[in-house]
Structures are given as structure tokens and as C-alpha cells.
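Numbers in the numbering used here are just positions in the sequence shown, counted from 1, shifted up by 33.
No residue lacks a Cβ here, since even glycine has one placed at the ideal position from N, Cα and C.
The structure displayed is predicted, hence computed values, not measured ones.
What follows is a short report on a single structure.
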Amino acid sequence: MWQEYGFRTGRIVLPGIQTIVDLKPHQWFRFDGIVDNLGAYYQMLGKSLDLTLEPGDETGICHHFDLETESRKEELIVVAVEDLGELIPTLFTIGHESTHAITYLNQGQRLVEELRVEGFNLNPYQKYTDEEDICHIGGLFALYRFGLLDSIDHSSKDDDPIISLLEDLLASRR
34 MWQEYGFRTG
44 RIVLPGIQTI
54 VDLKPHQWFR
64 FDGIVDNLGA
74 YYQMLGKSLD
84 LTLEPGDETG
94 ICHHFDLETE
104 SRKEELIVVA
114 VEDLGELIPT
124 LFTIGHESTH
134 AITYLNQGQR
144 LVEELRVEGF
154 NLNPYQKYTD
164 EEDICHIGGL
174 FALYRFGLLD
184 SIDHSSKDDD
194 PIISLLEDLL
204 ASRR
């Protein structure tokens, strides 16, 4: 049913963090990619799913819907990011939103496994209590996956929480 709306189930790769997850038959994922205007996208998404959505002030979204159909409960997850005009912040946001998705799917352990495979001894689900911090680690991991982590200038902290998280990630490197 949800395939006709562009959703996939089964084995998928979450964008940015490039992590494979196996969805259960009632779980569906759709990556709508990079959009020009997130506000207009919200309206289109709401209309396409016959839902009312309120746009926020974010640069990316990961919407998690729990729906009841005639036969069972369905879980839909949609990820989209606004075109930020630059590769690094856009890719960071894709990784961040995909980390929300992997968390909603209760498969955060897959992210932890992928971090370990890449030599990072960090479990963001144990180290941090704030979901945004966990998802920022996912954004940083996306930059790592694409060879862009070294592009971040972390010499000037200015109380930037992402720089602090970057330092945690780099310090965990074996």
C-alpha cells in the first residue's frame, strides 16, 4: 500500500550515515532528499498523506507517523532536508535526520556498530541523554563517511555544542 506513496520496507540504507537497516513489514521509510523550500515541502507532504503538518524553523525533518490501518498499525518515516547551498551543512543535516530515523526505528545499535567498524569507540545512546546530541553525532558520522570530517574547523569553540561532540567523536577513535 505505501509503495505507491514512495515508501520502502525491508532492507534500506539510511542516507548520510550510510547504514543498512532491516525494516519490519509494518515499518516504511521514504527519503525525499534535498528540497528547495521546507515550508512548501511540509504543505506538499501533508496533502500527499492527507495530514495536517505544521512547519517549524528547522533545516531538515524526520517525521515519524504511527497510523492504524484496517489490518494493522503502520509506522511511516519521512526524511527531507532543505538545500543549504553548501555540501557540508547539507550532508550533516541528512546524517542528523537519518539518525532520528534509526532512533525511531529502535535500531540505534546499528549506528553504534557502524561507528565501531569505522574505529570509533562511542555509543552516543549511552553517552548522551539529549536526542539532538545523538543526532549531531550522526551528522558528524555522515561527514566522516564522505571524507569531510576533517573539513570542520574545531580550533575555535565559541561554545558550539557540535564542536564539543566532534571532539568526543575524535577522542573515541582507536
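Could you tell me the alpha carbon to alpha carbon distance between residue i and residue j, rounded to whole angstroms?
i, j, result
"Tyr158", "Ile135", "12 Å"
"Asn154", "Ser104", "42 Å"
"Glu165", "Leu198", "11 Å"
"Glu119", "Phe125", "10 Å"
"Leu109", "Asp99", "7 Å"
"Arg206", "Val46", "24 Å"
"Ser184", "Ile196", "12 Å"
"Thr92", "Lys80", "20 Å"
"Leu86", "Val112", "14 Å"
"Ile50", "Asp193", "22 Å"
"Asn70", "Thr102", "31 Å"
"His96", "Glu147", "23 Å"
For residue i, which residues in the same chain have their Cβ closer than 7 Å to its Cβ, ignoring the five residues on either side in sequence?
i, result
"Pro58", "Thr42"
Looking only at its chain, what residues have a beta carbon closer than 8 Å to the beta carbon of residue i, apart from the 5 residues adjacent to it on each side?
i, result
"Arg143", "Thr52, Ile53, Val54 and Ile135"
"Lys106", "His59, Asp99 and Leu100"
Could you work out which residue in the options is closest to residue i when comparing CA atoms only?
i, options, result
"Asp163", "His133, Phe179 and Leu181", "His133"
"Gly141", "His96, Leu198, Glu119 and Ile167", "Ile167"
"Gln60", "Lys80, Leu82, Leu138 and Leu182", "Leu138"
"Phe64", "Leu182, Glu115, Leu148 and Ile196", "Glu115"
"His129", "Pro48, Leu84, Leu203 and Lys80", "Pro48"
"Leu181", "Pro194, Pro122 and Ser131", "Pro122"
"Ser131", "Phe174, Thr85 and Leu202", "Phe174"
"Lys160", "Tyr74, Leu202 and Gln36", "Leu202"
"Leu82", "Leu56, Gly89, Phe40 and Glu147", "Phe40"
"Val68", "Arg44, Gly152, Glu147 and Leu117", "Leu117"
With respect to the beta strand (DSSP E) encompassing residue i, which residues constitute its N-terminal and C-terminal limits?
i, result
"Leu47", "Arg44 to Leu47"
"Asp193", "Counting along the chain, Asp193 falls outside any beta strand (DSSP E), and DSSP gives it neither H nor E."
"Asp55", "Thr52 to Asp55"
Contiguous beta strand (DSSP E) assignments of at least 3 residues, all confined to the stretch 63-106:
93-101
Whole runs of the alpha helix (DSSP H) within the stretch 137-182, excluding any shorter than 4 residues
141-150, 157-160 and 164-178
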